[in-house]
Amino acid sequence: MSETRSKARHRRRKTALAVGLPLALSAAGVLGYGALPGAQSRASAATTAAPAWATATADGFASVNALGQNGTYGGRDGQIVTVKTLADLEKYATASEPYVIVVAATITMDPVGKEIKVQSNKTIVGSGTSGQIVGGGFFLGSGVHNVIIRNLTIRDAYQGVWNDKEHDFDAIQMDGAHHVWIDHNDLRHMADGLIDVRKDSTYVTVSWNKLSQDNKAFGIGWTENVVTDITIHHNWIRETEQRNPSTDNAAHAHLYNNFLEDAAGTDINSSYGNYSRGATRMVLENSYFQGFKNPVIKDSTASIVQKGNTFVGTSGRNESGGTAFDPKTYYAYTLDKTADVPALLKSGVGPRSSIGTTATASTKAAAATTLTVAKDGSGQYSTVQAAVNAVPANNPSRVVISVKPGTYRELVKVPSNKPHVTIQGSGGSRNDTVIVYNNASGTPKPDGSGTYGTGGSATVVVEADDFQARNLTISNDFDEASHQDIANQAVALRTAADKVFLDGVIVSGDQDTLLVDTAAKDKLGRVYMTNSYVIGNVDFIFGRATAVIDKSVITLKKRWNGTSAGYVTAPSTAAGRKGILIANSTVNGDVSSASFYLGRPWHAGGDASLDPQTTVRNTSLSAAIKSTPWTDMSGFSWKDDRFAEYKNSGAGSGAASSNRPQLTDAQAAGQEVADWLGDWTPSSS
452 MSETRSKARH
462 RRRKTALAVG
472 LPLALSAAGV
482 LGYGALPGAQ
492 SRASAATTAA
502 PAWATATADG
512 FASVNALGQN
522 GTYGGRDGQI
532 VTVKTLADLE
542 KYATASEPYV
552 IVVAATITMD
562 PVGKEIKVQS
572 NKTIVGSGTS
582 GQIVGGGFFL
592 GSGVHNVIIR
602 NLTIRDAYQG
612 VWNDKEHDFD
622 AIQMDGAHHV
632 WIDHNDLRHM
642 ADGLIDVRKD
652 STYVTVSWNK
662 LSQDNKAFGI
672 GWTENVVTDI
682 TIHHNWIRET
692 EQRNPSTDNA
702 AHAHLYNNFL
712 EDAAGTDINS
722 SYGNYSRGAT
732 RMVLENSYFQ
742 GFKNPVIKDS
752 TASIVQKGNT
762 FVGTSGRNES
772 GGTAFDPKTY
782 YAYTLDKTAD
792 VPALLKSGVG
802 PRSSIGTTAT
812 ASTKAAAATT
822 LTVAKDGSGQ
832 YSTVQAAVNA
842 VPANNPSRVV
852 ISVKPGTYRE
862 LVKVPSNKPH
872 VTIQGSGGSR
882 NDTVIVYNNA
892 SGTPKPDGSG
902 TYGTGGSATV
912 VVEADDFQAR
922 NLTISNDFDE
932 ASHQDIANQA
942 VALRTAADKV
952 FLDGVIVSGD
962 QDTLLVDTAA
972 KDKLGRVYMT
982 NSYVIGNVDF
992 IFGRATAVID
1002 KSVITLKKRW
1012 NGTSAGYVTA
1022 PSTAAGRKGI
1032 LIANSTVNGD
1042 VSSASFYLGR
1052 PWHAGGDASL
1062 DPQTTVRNTS
1072 LSAAIKSTPW
1082 TDMSGFSWKD
1092 DRFAEYKNSG
1102 AGSGAASSNR
1112 PQLTDAQAAG
1122 QEVADWLGDW
1132 TPSSS
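Position 42 of the sequence shown, counted from 1, bears residue number 493 in my numbering, the numbering being contiguous throughout.
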């Protein structure tokens, strides 16, 4: 098919699309929003808002309007049903009507290898991590369209050996289907391929899945027709021999932010990675290849255009060449940094525990209150603060402020009398929705009453308990270079509340980016951040709250004058409280080696009664971290306070010494995430 004819098939969507986790961090968009109301009729949906995962739509090529189908939204127009048996799963999946089918148990296929023949207009989604399909999978035949398969574990159809070649028992196979979204699944140990996109199947997006422990991971093509359009992003492909993926005669194959890992010491060794076959035209961007043999290969007739990929410990063929296409001709997308991909995917792929959990009556009522914000006037409000102002004082249940993509240059404050507020971006990426302002500590107030001060400089201030933010960016873009005449602490986000949940966000600034505070010195304030990014340079995670940065990326940046020097944390913890915990994360950035400290003790106001604490554990530290990672501050010695590490890795990690204390195993057992959060278990609602 010619490029002209191919482009004529596509019609770009004109609305923002809610997609799975970024993370990137993508990551990280709609997973876990809302709660599962069991079985919900179409009539009741008019008065009770369906959970966002039930109304989610795909990104990538699955979002394109074509072949009579406007994007991919699955069974959102039908009933929501919960299944726990094979009979019920098959009944609803093969029905002609649209359904959202929530799999709430482990379902074993009988016979082994059975593939349920899914019909059009279906969403099949796991309830938390309990939705598992064992010994078989799903088949989408010719003409089947508008299907979403999310948040499931599909496993163990193999017949005694990992590279079983006698059976064709796939996790997901499609022959001639279109508009399919496969998202946040764990696919492993099948008896042929994990995913097969065959026989002119097209408008397919495969995102945020873990594909592992199999001979053939992912095959695409098998006809002479060059019609398949497919997007493959944010997938972790590990311990698979071949087809990672193999793409044959695809008109447009867009692969980005994937992590291909051939782990040393395992039984399965890679023979090749991404393969462009036949007349395929492939764009391969910002992916990370580790240990793979022949990581990128192509036929003489095929094309691969590579951009921004990283190869670590690979060998053999690594090829590119031919004619590219521009994916943004068909849909919008945002790339995560290649260096962040392994950590981002390890924490972000596969089923999410917070999606599809059973709702109580109160959580159903809470999910019903949604306020929309859009700069273009298509929402209820044109600014985020206007939506916050509309939340009733002392509201008893969750209010979701859904913010459409755009840059909102404004100050936002959630006052203490407005608890249970969620601010979430509705775009396909956390980069799509940005709340930004540029006040600094020394910026004069418009009314002439002085300057803002550090805490007052924040773009977003949260003083209300049980606050949540997800799938957006909060930034302070104060121009330090142009304003060296004033104090340049410039906060992006200040929290002064308890039970603050930050999921799939970017918090970006320079000095003093993220202030995790409490309402008062004697008040408890807990913050849990996950699947997120924090970007800054000097004391850019600081304050007296009990704060956890988990499964996230901490990005170090140079200062306004191009120099590399800074401090990741500056805790000002009260005695007897937990301080800042960084766990299961990555600390990196484009800065000089050995130029950053992990932290220093902030005794705010010279208060000697404080006992600042930072623990960094199970985290990858880049070479930017100093070999003596802690330092003094304002006359207070770090050795008099609480600073320690445990089982960190990377070039910036180091052995125990008097200048680098390490927790013992016994001490570490009392410094887990749960110890920081106490009786609070963060969950999306």
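Using N, Cα and C, we set each Cβ at its ideal position, and we do this for glycine too.
Host alpha helix (DSSP H) of residue i (start-end)
i: Ser658; result: First-last for Ser658: 653 to 658, but that is the beta strand (DSSP E), not the alpha helix (DSSP H).
i: Glu541; result: 537 to 544
i: Gln1118; result: 1116 to 1120
i: Asp1126; result: 1124 to 1128
i: Val792; result: 792 to 799
Close Cβ partners of residue i (< 7 Å) along its chain, the five nearest in sequence each way excluded
i: Val835; result: Val824, Ile852, Val854, Tyr859, Glu861, Val863, Ile874, Ile886
i: Arg1028; result: Thr997
i: Lys1002; result: Ser798, Thr981, Asn982, Asn1035, Ser1036
i: Gly764; result: Gln741, Gly742
i: Ala497; result: Residue placement at Ala497 is flagged as unreliable, the pLDDT there being 30, under the threshold of 50; the coordinate-derived value follows with that caveat. If we look at Ala497 and ignore the five residues flanking it on each side, it has no Cβ neighbours.
Same chain, Cβ closer than 6 Å to residue i, neighbours up to 5 away in sequence not counted
i: Ser571; result: Val595, His596, Asn597
i: Leu474; result: Legend: pLDDT at Leu474 = 27, less than 50; position of this residue unreliable, no value from coordinates given.
i: Gly893; result: Thr902, Ile937, Ala938
i: His684; result: Ser658, Tyr707, Asn708
i: Gln757; result: Leu735, Ser771
i: Tyr726; result: Ser697, Ile748
i: Thr435; result: In the structure displayed, the chain extends from 452 to 1136; residue 435 sits before or after that span and is not available.
Cβ-Cβ distance between residue i and residue j below 9 Å
i: Gly1040; j: Ser1073; result: yes
i: Ile599; j: Thr580; result: no
i: Thr905; j: Leu966; result: yes
i: Asp665; j: Val800; result: no
i: Pro870; j: Ala915; result: yes
i: Tyr1140; j: Asn745; result: Beyond the ends of the chain as shown, which are 452 and 1136, falls residue 1140; an answer cannot be given.
i: Pro1133; j: Lys950; result: yes
i: Asp634; j: Tyr654; result: no
i: Asn882; j: Ile957; result: yes
i: Asp619; j: Gly564; result: yes
i: Ile558; j: Ala544; result: no
i: Val942; j: Ser908; result: yes
i: Val734; j: His703; result: yes
i: Gly767; j: Arg728; result: no
i: Lys1077; j: Val1042; result: no
i: Val677; j: Thr656; result: no
i: Ser1060; j: Ala970; result: no
i: Ser721; j: Val792; result: no
Segment limits, beta strand (DSSP E) that includes residue i
i: Ala838; result: Counting along the chain, Ala838 falls outside any beta strand (DSSP E), though it belongs to the alpha helix (DSSP H) covering 835 to 841.
i: Lys573; result: 573 to 577
i: Tyr707; result: 701 to 707
i: Ala947; result: 944 to 947
i: Tyr726; result: 725 to 728
i: Asp1062; result: Per DSSP, Asp1062 belongs to no beta strand (DSSP E) and is neither H nor E.
i: Leu975; result: Neither: Leu975 is in no beta strand (DSSP E) and is coded neither H nor E.
i: Asp680; result: 679 to 684
i: Asp665; result: 661 to 672
Those residues which DSSP pairs with residue i across a bridge
i: Arg601; result: Val576, Asp634
i: Thr1024; result: Answer is none; Thr1024 lacks a bridge partner.
i: Thr884; result: Gly857
i: Lys568; result: Phe590
i: Thr902; result: Pro895
i: Ser959; result: Ser926, Ile986
i: His629; result: His596, Thr653
i: Ile623; result: Phe589, Ile646
i: Asp954; result: Arg921, Thr981
i: Gln693; result: Lys667
i: Glu712; result: Arg689, Gln741
i: Tyr524; result: Bridge partners of Tyr524: none, in fact.
Cβ-based burial, residue i [other Cβ within 10 Å; buried from 16]
i: Glu736; result: buried
i: Asn660; result: buried
i: Glu1161; result: In the structure displayed, the chain extends from 452 to 1136; residue 1161 sits before or after that span and is not available.
i: Asn1012; result: exposed
i: Leu487; result: The predicted position of Leu487 is uncertain, since its pLDDT is 25 and thus under 50; a value taken from the coordinates is nonetheless stated next. With 16 or more Cβ atoms within 10 Å of its Cβ, Leu487 is classed as buried.
i: Asp787; result: buried
i: Ala701; result: buried
i: Ser1044; result: exposed
i: Ser751; result: exposed
i: Leu518; result: exposed
Sequence-distant residues of its chain with Cβ nearer than 8 Å to residue i (five each side left out)
i: Ala490; result: Model confidence at Ala490 stands at a pLDDT of 30, short of 50, so the residue's coordinates are unreliable and nothing is read from them.
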